[in-house]
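Trainee: My questions will all concern the structure given below.
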Amino acid sequence: MNKVMFASNEQKKIGMLTPSSNTTLEPICSGMVHGLEKLVTMHYGRFEVTKISLEEDALNQFDTAPMLEASRLLSHADVDVIAWNGTSGGWLGLDADLKLCKDIEEYTGIPATTSMISQLKAFEKYGVKKIHLVTPYLTDINEKLIDFYKKADIRVVNSVCLNQYVNRSFALVTQDKIMEMFAQVCTAEADGVSVVCTNLPAMWSVPALEEKYRIPVYDTINTVVWDTLRMVGIDSSVVKGWGSLFQK
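For the sequence shown, position 9 matches number 9 in the numbering used here, and the numbering has no gaps at all.
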């Protein structure tokens with residue numbers, strides 16, 4: 001538990017758009033701010049996402065309308081920022097995420113970000129140019145992600161995926177399997193490891209992974225928490241025990 005003394009800080013509220021079948025990001029994000037309730041709280045709104053692929057029905061899950069409706073409902077809680085805690089921008093393209101943020105801001109009046117935008121912000125701030133990539137996705141999704149990073153002038157050195165597409169299955173990947181995936185990619189020099197998928201439970205092992213491989217982990221969960229804290233004016237170092245990103 002984080003134990004921090006607070007003065008008269010106004011509590012901030014972070015809203016997270018969550019895939020309906022995701023069972024990983026909510027406990028992790030809430031765990032990151034556990035004990036910090038006088039400073040910040042996390043709030044969640046779901047919309048339907050059940051599989052990740054390049055098939056038309058899977059791509060249609062990320063149409064703007066349901067995401068805006070979920071954002072509207074989050075706005076009823078007077079959240080200070082809304083984040084799409086998901087990685088669809090990685091295969092739909094950065095422009096799709098930028099447009100989504102613009103639409104959310106115009107629709108609700110609340111600043112917005114996404115997991116992929118947040119990760120790029122962290123890469124820029126800390127000079128990350130070479131990464132290893134870990135995902136549970138299909139090979140063609142990984143190829144899209146590699147292209148996404150290339151367009152941002154970031155080179156993927158090694159990558160691994162599990163060739164899964166059912167979103168619920170991602171949360172069932174064991175910590176042993178995640179450790180094995182890191183062992184596969186961490187065989188060459190890089191500036192960090194990118195874990196892309198907010199339903200892959202890698203964050204539970206990030207401190208151990210960073211210690212073992214001596215490399216920062218930029219998960220699409222920890223980067224979006226890091227970014228949203230900064231967006232609401234909170235020093236991200238208040239988060240303890242969840243990896244080096246919060247202690248930089």
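Note that CB positions come from ideal geometry on N, CA and C, so glycine has one too.
In three-state DSSP terms, what is Pro66?
Mentor: Against the sequence shown, residue 66 aligns to sequence position 66. DSSP places Pro66 in helix when its eight states are reduced to three.
Trainee: What residue range does the alpha helix (DSSP H) around Ala96 cover?
Mentor: Against the sequence shown, residue 96 aligns to sequence position 96. Leu94 to Thr108 is the span of the alpha helix (DSSP H), which, as asked, contains Ala96.
Trainee: When DSSP labels each residue in this structure, what does Ala58 get in the three-state scheme?
Mentor: Start at 1 with the first residue of the sequence shown, and residue 58 comes out as number 58. Of the three classes helix, strand and coil, the one that applies to Ala58 here is helix, per DSSP.
Trainee: Ignoring anything shorter than 3 residues or poking outside the stretch 104-184, list the beta strand (DSSP E) runs there in chain order.
Mentor: 112-114, 130-134 and 155-160, all fully within the stretch 104-184.
Trainee: Quickly, what does DSSP pair Trp84 with across the bridge? List them, please.
Mentor: For this step, residue 84 is matched to residue 84 along the sequence shown. Trp84 is bridged to Leu17 and Thr114.
Trainee: Grouping DSSP H, G and I as helix and E and B as strand, with all else coil, what is Lys41?
Mentor: Taking the sequence shown and counting its residues from 1, the one referred to as residue 41 is at position 41. Per the sequence shown, the amino acid found at residue 41 is Thr instead of Lys. Thr41 falls in the strand class under three-state DSSP.
Trainee: With H, G and I counted as helix, E and B as strand and the rest as coil, what does DSSP make of Met1?
Mentor: For the purposes of this step, residue 1 is taken as residue 1 along the sequence shown, with counting starting at 1. At Met1 the pLDDT is 34, less than 50, meaning the model places this residue with poor confidence; the figure from the coordinates comes in the next sentence. Residue state, collapsed to three classes: coil.
Trainee: Check whether the stretch 78-88 and the stretch 15-34 are in contact - that is, three or more C-beta pairs closer than 8 Å.
Mentor: Touching, yes.
Trainee: So, are the CB atoms of Lys13 and Asp78 less than 9 Å apart?
Mentor: Numbered from its first residue, the sequence shown carries residue 13 at position 13. Numbered from its first residue, the sequence shown carries residue 78 at position 78. Going by C-beta atoms, Lys13 is nearer than 9 Å to Asp78.
Trainee: Let's test the definition: count the other Cβ atoms within 10 Å of the Cβ of Ala183 and tell me whether it reaches 16, buried, or not, exposed.
Mentor: Residue 183 sits at position 183 when you count from the first residue of the sequence shown. By the neighbour-count rule (16 or more Cβ atoms within 10 Å), Ala183 is not buried but exposed.
Trainee: Rounded to whole angstroms, what's the CA-CA distance from Leu229 to Ala122? Just pull it up for me.
Mentor: In the sequence shown, the residue the question calls residue 229 occupies position 229. In the sequence shown, the residue the question calls residue 122 occupies position 122. Cα to Cα, the separation comes out at about 13 Å.
Trainee: Taking the beta carbon of His76 as the centre, do at least 16 other beta carbons fall within 10 Å, making it buried, or is it exposed?
Mentor: The residue given as residue 76 occupies position 76 in the sequence shown. His76 comes out exposed.
Trainee: Would you list the one or two residues that DSSP bridges to Phe246?
Mentor: The count along the sequence shown starts at 1 and reaches residue 246 at position 246. BP columns for Phe246 are empty, so no partner.
Trainee: My assumption, with CB atoms under 8 Å, is that Ile178 sits in contact with Ala152. Please give the rounded CB distance.
Mentor: One-based indexing of the sequence shown puts residue 178 at position 178. One-based indexing of the sequence shown puts residue 152 at position 152. The Cβ separation is near 25 Å, so there is no contact.
Trainee: Please report the straight-line C-alpha distance between Lys38 and Met32, rounded to a whole angstrom.
Mentor: The residue you call residue 38 lines up with position 38 of the sequence shown. The residue you call residue 32 lines up with position 32 of the sequence shown. Roughly 14 Å separates the two Cα atoms.
Trainee: At 3 residues or longer, what runs of the beta strand (DSSP E) sit wholly inside the stretch 186-222?
Mentor: Listed in chain order, the complete beta strand (DSSP E) runs (minimum 3 residues) inside the stretch 186-222 are 192-195 and 217-219.
Trainee: Kindly give me the distance between the Cβ atoms of Cys161 and Thr135, rounded to whole angstroms, as I take these residues to be in contact under 8 Å.
Mentor: If you number the sequence shown from 1, residue 161 lands on position 161. If you number the sequence shown from 1, residue 135 lands on position 135. Correct: roughly 5 Å between the Cβ atoms.
Trainee: So, using beta-carbon positions, are Asn158 and Val185 closer together than 9 Å?
Mentor: Residue 158 sits at position 158 when you count from the first residue of the sequence shown. Residue 185 sits at position 185 when you count from the first residue of the sequence shown. In contact: Asn158 and Val185 (Cβ atoms closer than 9 Å).
Trainee: How would you label Asp176, buried or exposed, when you count the other beta carbons within 10 angstroms and need 16 or more for buried?
Mentor: Indexing the sequence shown from 1 puts residue 176 at position 176. It counts as exposed.
Trainee: Please report how far the alpha carbon of Lys144 lies from the alpha carbon of Gly127, in whole angstroms.
Mentor: On the sequence shown, position 144 is the one that residue 144 refers to. On the sequence shown, position 127 is the one that residue 127 refers to. One C-alpha to the other measures close to 22 Å.
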